[in-house]
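Residue numbers (our numbering): 20 to 258.
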């Protein structure tokens, strides 16, 4: 699940028998989402920071604080891998490079004017983030993932990102259809397929479940109160 936005409304997850809970970002700003996850689940939790986790903080310190507050059952992944049984989980925020709409410059300028990230997240304590910061992080994330996928693994591979890896995840979304799409999804379709068995993401506030190049892509966001239809808090995927 993703985009719980606990800063807007509380959420009590139903009791289930999942082996692993995946939180694909935008749970709650700062490390508050980590504390919530510790208390809410008795199983292993893989937590990917979304953009809202960084609100009111900076890109480096926030991640360090999240990791420091994580207990034994919560793993914070950003360009990191964890293996559980025969399943390899590759997790990262991802960000976007704003190129998915075909006009990187216009998309990045549009996002900078319209999206609160650029007034709520600092690259460092002295300044707020700029599109160039996110482009660099997105490209570094892609390079990391490409290297991981090129490394043979005898088991299943699950990729978890906050941002969407394909523009197909926006098809049918009432929020999509303009240059701002470049801030929500990358065009990483070439990385979708073998050896990736499952790709989980959030950010779009639009639930999807489809197959591309043999890989299943799923997003299960709650979104803001009253915003999203189709959120399934009991969703369990078998790999």
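Glycine included, C-beta positions come from ideal geometry on N, C-alpha and C.
Could you pull the start and end residues of the alpha helix (DSSP H) that residue 53 belongs to?
It spans 51-59 - the alpha helix (DSSP H) in which residue 53 sits, taken as one unbroken run.
Within this structure, are the beta carbons of residue 176 and residue 150 separated by less than 9 angstroms?
By the CB criterion at 9 angstroms, residue 176 and residue 150 fall outside the cutoff.
Out of 31, 212 and 34, point me to the one whose CA is closest to residue 231's CA.
In this structure, 212 is the residue among 31, 212 and 34 with its C-alpha nearest to the C-alpha of residue 231.
Any idea which residues DSSP pairs residue 228 with across the strands?
Note: residue 228 sits in a beta bridge opposite 237.
What three-state label does DSSP hand residue 152 in the structure shown?
Secondary structure at residue 152: helix, using DSSP grouped into helix, strand and coil.
Secondary structure of residue 85, DSSP reduced to three states
Helix.
At the level of alpha carbons, what is the spacing between residue 63 and residue 146?
Rounded to the nearest angstrom, the two C-alpha atoms are 36 angstroms apart.
Who pairs with residue 160 in a beta bridge, going by DSSP?
Per DSSP, none; premise fails for residue 160.
Using CA atoms only, rank isn't needed, just tell me which of 81, 34 and 27 is closest to residue 49.
Taking only the C-alpha atoms, the option nearest residue 49 is 81.
Supposed contact pair residue 255 and residue 35 - C-beta distance, whole angstroms, cut 8 angstroms
So it is a contact: roughly 6 angstroms between Cβ atoms.
Cβ pair residue 178, residue 75 closer than 9 angstroms
Contact flag unset, no.
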